[in-house]
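Working notes for the structure below.
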Amino acid sequence: MNAPPFSHGNRVTGNTILNSGSAGISLSSGGQLIANTVENNAIIGNSVSNANTLSYDAAGIYTLFVGGGNTIKSNTILNCGSNELRSSGIMIEGGTDSSIKPVAIDGNTIENNSLAGIAVSGKNHTITNNTLRNNGVPSWENAQVVFFPSFGENASSCTVKNNIMEAGRNQTLVSVLDAWGHISPHHTIDNNTYCSTNITPFCWSYSTCSQPVNFSSWKIMSGHDSHSSFTNGICSPNPPPPTGGEGSINAVYLLLLK
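First residue of the sequence shown: 0, per numbering that gives the first Met the number 0; consecutive thereafter.
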């Protein structure tokens with residue numbers, strides 16, 4: 000389907016988004032077959048806090064069925080979701096249609112969200128230069144970065160480099176969930192800085208993280224992170240709180256309605 004882009008070249012920047020019932024910022028085409036109608040949008044330099052106070056399984060910044068050239072960069076995403084309501088800092092959901100394209104996630108600060116820092120399905124996404132700390136409530140399949148299966152396929156061929164990730168007690172650093180077996184071209188994960196008070200903060204599993212492993216075992220079983228570092232403890236003192244943006248709003252949606 001060669002539909003024209005209906006959400007194209009938009010720039011969402013400098014906003015402070017507080018206490019939204021669902022996602023703070025959402026980018027969606029509304030369907031797999033029209034993903035290429037949402038292209039080349041930039042979500043940059045926003046602050047999202049306490050999103051998903053009423054909805055389950057969304058994110059501070061959420062994309063669904065999007066086309067090429069979309070960027071999520073230099074945002075601060077804090078305290079989304081709760082013990083009862085799952086929320087990632089950033090969630091990317093896709094599908095199998097060829098019109099669905101990768102998202103670039105770079106330089107974001109993501110802390111204290113209830114499910115994951117960054118949760119990704121689909122192919123070829125890049126996750127670089129982000130700082131992720133203490134994301135995940137122990138009752139969920141949590142991680143600072145989690146790859147999850149969606150719409151009949153595993154996440155595959157993504158790049159995770161030059162990130163700082165810190166996990167607390169009963170939290171995971173990286174989790175790869177391959178519900179349909181290890182059939183993907185796997186990801187490129189390297190040059191990351193990992194810290195955790197938990198000695199087994201990595202997981203490569205079927206649909207749940209049933210057997211978390213330590214850093215040495217993770218490198219052997221996954222083939223990743225040969226140039227990454229791991230510290231059993233905290234990475235560094237927490238950074239100062241983010242400054243506010245140019246305005247305060249409840250949510251931003253770039254949505255093509257069917």
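Cβ atoms here follow ideal geometry from the backbone N, Cα and C, with glycine treated the same way.
* Asked: Taking just the CA atoms, how far does GLU83 sit from VAL136?
  -> 9 Å
* Whole angstroms is fine: what's the gap from GLY68's alpha carbon to ASN18's? => 29 Å
* Own chain residues within Cβ distance below 7 Å of ASN111, not counting five before or after -> LEU77, ASN78, ASN133 and ASN134
* Asked: Taking just the CA atoms, how far does ILE16 sit from GLY23?
  -> 6 Å
* For THR130, which of ILE109, ILE117 and ALA142 has the nearest alpha-carbon? -> ILE109
* Asked: Between THR187, ILE233 and SER204, which lies nearest to SER225 when the distance is taken from Cα to Cα?
  -> THR187
* Are the Cβ atoms of ASN161 and ASN197 separated by less than 8 Å? -> no
* Going along the chain, which unbroken runs of the alpha helix (DSSP H) with 4 or more residues stay wholly within the segment 148 to 227? -> 214 to 221
* **SER235 versus GLY222: straight-line alpha-carbon distance, rounded** => 27 Å
* Asked: CB-CB under 6 Å to ALA41, same chain, minus the five flanking residues each way: which ones, in chain order?
  -> ARG10 and THR70
* Keeping to the same chain, check which residues put their C-beta closer than 6 Å to that of THR230; ignore five residues upstream and five downstream. => CYS194
* Cβ neighbour criterion (16 or more within 10 Å) applied to GLY85 -> Residue identity differs from the one stated: residue 85 is Arg in this sequence, not Gly. With 16 or more Cβ atoms within 10 Å of its Cβ, ARG85 is classed as buried.
* What is the DSSP secondary structure of THR130, counted as helix, strand or coil? -> strand
* To do: Consult DSSP for ALA41 and reduce its assignment to one of helix, strand or coil.
  => strand
* To do: Can you give me the start and stop residues for the beta strand (DSSP E) that VAL119 sits inside?
  => 115 to 119
* Straight-line gap, TYR61 to SER149 (C-alpha atoms, nearest Å) -> 15 Å
* Is the CB-CB distance between GLY80 and LEU53 below 8 Å? -> no
* To do: Spell out the partners DSSP gives ASN231 in its beta bridges.
  => None, per the DSSP bridge assignment.
* Where do the ends of the beta strand (DSSP E) carrying GLY103 lie? -> The sequence shown places Ala at residue 103, not Gly. Where ALA103 is concerned, the enclosing beta strand (DSSP E) stretches over 102 to 105.
* Asked: Does DSSP put SER25 in a helix, a strand or coil?
  -> strand
* **Buried versus exposed call for GLN210 [16 or more other C-beta atoms within 10 Å across all chains shown]** => exposed
* Close Cβ partners of LYS122 (< 6 Å) along its chain, the five nearest in sequence each way excluded -> SER155 and SER156
* ASN153 versus SER120, ASN128 and MET164, residue with shortest Cα-Cα distance -> SER120
* Pick helix, strand or coil for SER54, following the three-state DSSP scheme. => coil
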